[in-house]
Amino acid sequence: MINISELSFTYPVYSRGASQKKKEVLSSFSLSAEDGERVLIYAPPDSGKTTLMKILCKAIPSYTGGTINGRIEVDRTDLFDVSGGALTGIITYVSQNPQEQLLMNTCCDEIAFPLESLCIDPDEMDKRIESALSHWGLSELSEVHPQELSGGERKRLLLAVTEAIGAPNWLFDEVFDDLDINYKQQLLNVMKAHKGTIIVSASRFLPEFAGMFTRIVSIADGGCRNLSEKEVMNLTSNQMKVLQYQRKMDNESSSVLSLRSAIVTHPRKSVSSAVPFTLSVPSFSITRGEIIALVGPNGSGKSTLSRVLCGLDPLCEGSLTVDGRPMGQSILKQNVGYMFQNPDYSIFLPTVYDELTYSLKNDTSVVKSERDAAAQMCADVFDLVLDDNPSLMSYGHRKRLQGAIYYLLQRSFIIIDELDAGITYQTAYKIISLFQEKGCGVIVISHDAPFADSVAQRTYEISGGEVRLRANR
Amino acid sequence: MISSTYVAGKGLIYHFDARSKLLLTLVLCIEVFLPVSPTGIYLLSLISFLIALYATGMKQALSPLKTILPLIIMMVLFTPFTYTDAPAAITAGNVQLATTEALYHLNLLIARFIAITYMATLFVWTTTMSDIMLTFQWYGLPYSGALVITLAFRFIPFIADSFKMISDAHSLRRVSSDTKGRRRSRIFDILPTISSALVFALKSIPNLAATLEHRGYSTGHRRTRYRTLRTKGPLFTHFLICVIIATSFYLLFSL
Numbered sequence: 000m001i002n003i004s005e006l007s008f009t010y011p012v013y014s015r016g017a018s019q020k021k022k023e024v025l026s027s028f029s030l031s032a033e034d035g036e037r038v039l040i041y042a043p044p045d046s047g048k049t050t051l052m053k054i055l056c057k058a059i060p061s062y063t064g065g066t067i068n069g070r071i072e073v074d075r076t077d078l079f080d081v082s083g084g085a086l087t088g089i090i091t092y093v094s095q096n097p098q099e100q101l102l103m104n105t106c107c108d109e110i111a112f113p114l115e116s117l118c119i120d121p122d123e124m125d126k127r128i129e130s131a132l133s134h135w136g137l138s139e140l141s142e143v144h145p146q147e148l149s150g151g152e153r154k155r156l157l158l159a160v161t162e163a164i165g166a167p168n169w170l171f172d173e174v175f176d177d178l179d180i181n182y183k184q185q186l187l188n189v190m191k192a193h194k195g196t197i198i199v200s201a202s203r204f205l206p207e208f209a210g211m212f213t214r215i216v217s218i219a220d221g222g223c224r225n226l227s228e229k230e231v232m233n234l235t236s237n238q239m240k241v242l243q244y245q246r247k248m249d250n251e252s253s254s255v256l257s258l259r260s261a262i263v264t265h266p267r268k269s270v271s272s273a274v275p276f277t278l279s280v281p282s283f284s285i286t287r288g289e290i291i292a293l294v295g296p297n298g299s300g301k302s303t304l305s306r307v308l309c310g311l312d313p314l315c316e317g318s319l320t321v322d323g324r325p326m327g328q329s330i331l332k333q334n335v336g337y338m339f340q341n342p343d344y345s346i347f348l349p350t351v352y353d354e355l356t357y358s359l360k361n362d363t364s365v366v367k368s369e370r371d372a373a374a375q376m377c378a379d380v381f382d383l384v385l386d387d388n389p390s391l392m393s394y395g396h397r398k399r400l401q402g403a404i405y406y407l408l409q410r411s412f413i414i415i416d417e418l419d420a421g422i423t424y425q426t427a428y429k430i431i432s433l434f435q436e437k438g439c440g441v442i443v444i445s446h447d448a449p450f451a452d453s454v455a456q457r458t459y460e461i462s463g464g465e466v467r468l469r470a471n472r
Numbered sequence: 000m001i002s003s004t005y006v007a008g009k010g011l012i013y014h015f016d017a018r019s020k021l022l023l024t025l026v027l028c029i030e031v032f033l034p035v036s037p038t039g040i041y042l043l044s045l046i047s048f049l050i051a052l053y054a055t056g057m058k059q060a061l062s063p064l065k066t067i068l069p070l071i072i073m074m075v076l077f078t079p080f081t082y083t084d085a086p087a088a089i090t091a092g093n094v095q096l097a098t099t100e101a102l103y104h105l106n107l108l109i110a111r112f113i114a115i116t117y118m119a120t121l122f123v124w125t126t127t128m129s130d131i132m133l134t135f136q137w138y139g140l141p142y143s144g145a146l147v148i149t150l151a152f153r154f155i156p157f158i159a160d161s162f163k164m165i166s167d168a169h170s171l172r173r174v175s176s177d178t179k180g181r182r183r184s185r186i187f188d189i190l191p192t193i194s195s196a197l198v199f200a201l202k203s204i205p206n207l208a209a210t211l212e213h214r215g216y217s218t219g220h221r222r223t224r225y226r227t228l229r230t231k232g233p234l235f236t237h238f239l240i241c242v243i244i245a246t247s248f249y250l251l252f253s254l
């Protein structure tokens with residue numbers, strides 16, 4: 000049982016950015032969830048979902064600072080009276096970014112660590128670890144270093160940790176984002192069977208959510224607002240319509256990026272038992288102005304294929320051409336952009352303006368006034384404020400900034416890895432349509448099948464180690 | 000990408016007890032610097048390399064050499080200046096580049112360096128991180144110390160991986176592909192890439208602390224143990240083999 004009453008929270012302010020002035024993230028927020036309740040917090044990025052989750056597991060304000068007021072009770076324990084460590088067996092939090100919660104050097108040890116803290120008997124621990132690994136499809140990877148896992152596998156590992164601990168209260172922050180359709184369904188089944196309290200945060204209402212939650216709430220101006228499922232579904236459906244209307248082909252520019260008879264491999268170094276990863280690509284192509292989707296289960300090789308397509312990794316076997324001409328890695332990098340799943344890899348400068356003009360500064364043909372104008376135009380289009388500090392922006396804002404950076408780079412093709420994760424459909428559609436309007440060929444990687452179907456003209460599916468063009472639905 | 004110190008492979012070395020393996024590694028590393036014959040040192044380097052080759056394959060076995068190559072080059076460049084009084088072995092016209100004594104010491108230095116590199120590398124390649132930690136604890140390291148090392152081995156690959164991803168992201172943001180500009184921009188890109196990786200690493204500190212607390216870790220708090228060190232055969236036999244190898248090497252090659 001989780002009982003939050005009159006919770007208010009304000010972060011300490013470090014930035015000079017115009018949109019980052021001191022404000023209450025949560026303001027008199029009250030929410031009560033009984034045992035057996037599954038509550039969905041459905042709200043756009045930057046509304047305070049992650050902050051609320053982290054307050055509930057005591058990561059905030061202990062490790063961030065900030066001003067907090069109100070009262071929180073978890074299973075009748077006052078949260079402000081106990082240390083975070085005392086909550087291990089009471090509440091388990093799964094972060095939006097699994098990297099930040101992985102501590103150990105093998106999957107097996109990752110699950111064992113909290114169980115050791117709870118002084119679980121080694122034999123019982125063994126059973127729980129084996130069961131959790133098997134349930135989340137990680138048995139073969141039990142001795143693998145978490146750094147060798149794909150994004151989805153990491154998230155499954157955290158879910159395996161959650162299952163092994165068996166705490167009554169679960170907090171899931173955008174937990175469905177990296178999971179493929181099978182594991183989404185599995186998680187929903189696990190949630191249905193759970194007798195304790197579950198709070199899930201999401202920026203998008205996935206079709207699988209229908210009928211799943213006992214309550215849906217939103218965060219509006221820092222407070223809690225109840226929503227009906229019908230309201231949420233109408234909102235989602237309206238967002239989905241936006242890009243379907245804009246789906247079109249740019250026939251004027253017909254540059255084609257093709258990959259033929261290709262093989263991509265990479266072994267898992269730390270276990271000899273696991274079969275080395277191999278991906279076969281008999282035929283793959285995209286034309287400028289076209290939007291295609293690349294879908295497949297966790298760890299199937301979507302990101303690996305993307306790295307080859309944009310010239311970051313060499314192609315071992317087969318041919319990669321643009322308009323029939325073989326392309327070297329350095330030329331590919333100038334033609335194909337890759338928006339990483341994690342926007343922070345691309346962002347490193349102190350302001351949005353610096354980020355947007357960084358690459359243009361190396362182009363001697365662009366003078367300062369042109370650079371400034373381009374940055375302003377881009378900021379307007381992507382709803383960004385030039386003075387803002389990217390490090391202090393929300394995940395959704397950073398994702399938009401990442402899009403804006405590539406928008407200015409004028410690439411012929413752009414690969415967008417899990418764009419829909421952590422942002423609203425509306426924002427995802429907007430970013431894709433902006434690239435399409437520029438005549439870019441857009442490859443969208445997503446685990447959200449309805450989203451992928453709604454944006455893509457064609458879909459490539461990775462299954463059984465092979466990339467195939469999927470027949471139209 | 001550095002993803003883990005452990006490398007799956009084959010050979011008896013994987014079945015050798017981690018405690019005796021650590022002891023043997025340390026003793027042999029010390030013996031390399033004792034007065035032993037060059038033949039012994041060359042042989043030890045060669046055997047270490049061959050074990051690595053058999054256990055992990057050519058590509059993996061060569062990777063430590065690649066890592067230490069810059070240091071070997073430095074040795075090749077600077078050792079000849081230290082030994083100039085012996086007869087010339089390599090000359091360019093009238094200029095003496097290296098004496099016989101310089102070459103003798105250079106070979107010995109490189110062999111020693113390769114031997115200790117491969118012996119230490121073999122230990123971490125063929126022992127799982129959990130066994131390494133349990134070994135350290137068996138030798139008296141407290142749990143909190145072992146945890147710090149575990150976290151280091153978790154986060155070094157994470158930061159190295161992040162550095163690579165950041166570097167890749169930066170390379171995709173370049174506006175031109177001309178070779179000259181690329182070389183220059185590569186040099187200029189190092190600073191932002193390093194600063195990004197640093198920001199990434201710094202950002203992970205509060206997350207790490209919060210997760211440790213969330214997973215119930217606190218100093219002095221009692222914990223059960225999931226892992227225990229398991230040895231094939233009696234531990235005494237493993238230590239005996241270790242002593243026999245170290246003693247035989249010293250007796251055979253000591254000067």
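Heads up: the sequence lines are chains Y and D, in that order.
For the record, in the first sequence the residue sitting at position 188 is 187 according to numbering that gives the first Met the number 0, with numbers rising by one throughout.
For the record, in the second sequence the residue sitting at position 180 is 179 according to numbering that gives the first Met the number 0, with numbers rising by one throughout.
Don't be surprised by glycine CBs; every beta carbon is placed ideally from N, CA and C.
Model, not experiment: these values are computed from the prediction.
Check: Determine the burial state of leucine 254(D): buried for a count of at least 16 other Cβ atoms within 10 Å of its Cβ, exposed for fewer.; Outcome: exposed
Check: Taking beta-carbon pairs under 7 Å, can you tell me which members of the region 138-167 of chain D lie near chain Y?; Outcome: Thr149, Leu150, Phe152, Arg153, Pro156, Phe157, Asp160, Met164, Ile165, Asp167
Check: Whole alpha helix (DSSP H) runs in the region 21-100 of chain D with 4 or more residues, listed along the chain?; Outcome: 37-55, 57-77
Check: Do the region 321-330 of chain Y and the region 154-166 of chain D touch if we need at least three Cβ pairs shorter than 8 Å?; Outcome: no
Check: Considering only the alpha carbon of each residue, which of Pro281(Y), Thr423(Y), Arg214(Y) lies closest to serine 260(Y)?; Outcome: Pro281(Y)
Check: Going by beta-carbon coordinates alone, are glycine 310(Y) and valine 335(Y) separated by less than 8 Å?; Outcome: yes
Check: Going along the chain, which residues of its own chain have a beta-carbon closer than 6 Å to the beta-carbon of phenylalanine 252(D), five neighbours each way excluded?; Outcome: Val35, Ser36, Gly39
Check: Grab me the residues of isoleucine 243(D)'s own chain with a C-beta within less than 8 Å of its C-beta, minus the 5 sequence neighbours each way, in chain order.; Outcome: none
Check: Identify every residue that forms a DSSP beta bridge with tyrosine 337(Y).; Outcome: Ile414(Y)
Check: Can you pull the DSSP bridge partners for glycine 440(Y)?; Outcome: Phe412(Y)
Check: Round the Cβ separation of serine 432(Y) and serine 254(Y) to the nearest angstrom and send it over; I've been treating them as touching at under 8 Å.; Outcome: Wrong, their Cβ atoms sit about 20 Å apart, outside the cutoff.
Check: State the Cα-Cα distance for the pair leucine 49(D) and leucine 140(Y), rounded to the nearest angstrom.; Outcome: 29 Å
Check: Please work out which residues of its chain come closer than 8 Å, Cβ to Cβ, to glutamate 5(Y), disregarding the five sequence neighbours upstream and downstream, and give them in chain order.; Outcome: Ser27, Phe28, Ser29, Asn68, Gly69, Arg70
Check: Say whether chain Y places a C-beta atom closer than 8 Å to the C-beta of glycine 10(D).; Outcome: no
Check: For threonine 192(D) and isoleucine 165(D), what's the separation of their Cα atoms in angstroms?; Outcome: 6 Å
Check: Hey, quick one: how far does the beta strand (DSSP E) through threonine 474(Y) stretch, first residue to last?; Outcome: The structure shown does not extend to residue 474(Y), since chain Y spans only 0 to 472, so no value can be given for it.
Check: Spell out whether any CB of chain D is found under 8 Å from the CB atom of alanine 166(Y).; Outcome: no
Check: Chain Y partners of serine 203(D), CB-CB under 9 Å?; Outcome: Gln98, Glu99
Check: Could you tell me whether the region 396-406 of chain Y touches the region 334-349 of chain Y, using the rule of 3 or more Cβ pairs below 8 Å?; Outcome: yes
Check: Anyone know if the C-beta pair for methionine 52(Y) and tyrosine 92(Y) falls short of 8 Å?; Outcome: yes
Check: With H, G and I counted as helix, E and B as strand and the rest as coil, what does DSSP make of valine 174(Y)?; Outcome: coil
Check: Bridge partners for asparagine 68(Y) per DSSP, in chain order?; Outcome: Ser7(Y)
Check: Nearest by alpha-carbon distance to leucine 158(Y): which of Lys437(Y), Val321(Y), Val174(Y) is it?; Outcome: Val174(Y)
Check: Once the 5 residues before and after valine 365(Y) are set aside, which same chain residues still bring their CB inside 8 Å of it?; Outcome: Leu359, Ala373
Check: Kindly list, in the order they appear in chain D, the residues whose Cβ is closer than 7 Å to that of isoleucine 108(Y).; Outcome: The sequence as given places aspartate at residue 108(Y); isoleucine does not occur at that position. In chain order: Ser129.
Check: On the three-state DSSP scale, how would you describe glutamate 289(Y)?; Outcome: coil
Check: How about arginine 75(Y): is its Cβ closer than 7 Å to a heavy atom in the ligand FMN?; Outcome: The model on display carries no ligand, and the ligand FMN is accordingly not part of it.
Check: Would you call the region 95-104 of chain Y and the region 38-47 of chain Y in contact, with 3 or more CB pairs under 8 Å?; Outcome: no
Check: Is it buried or exposed, lysine 58(D), if we count other Cβ atoms within 10 angstroms and call 16 or more buried?; Outcome: exposed
Check: Within 8 Å (strictly less), CB to CB, does proline 191(D) reach chain Y?; Outcome: yes
Check: Going along chain Y in order, which residues have a C-beta closer than 7 Å to the C-beta of serine 217(D)?; Outcome: Gly84
Check: CA-CA distance, cysteine 377(Y) and methionine 0(Y)?; Outcome: 46 Å
Check: Using three-state DSSP, classify tryptophan 135(Y) as helix, strand or coil.; Outcome: coil
Check: Could you check whether leucine 383(Y) and arginine 399(Y) sit closer than 8 Å to each other, using their CB atoms as the reference points?; Outcome: yes
Check: Do serine 149(Y) and serine 345(Y) have their CB atoms nearer than 8 Å?; Outcome: no
Check: Count the other CB atoms, across all protein chains shown, that sit within 10 Å of the CB of valine 441(Y); report buried if there are 16 or more and exposed otherwise.; Outcome: buried
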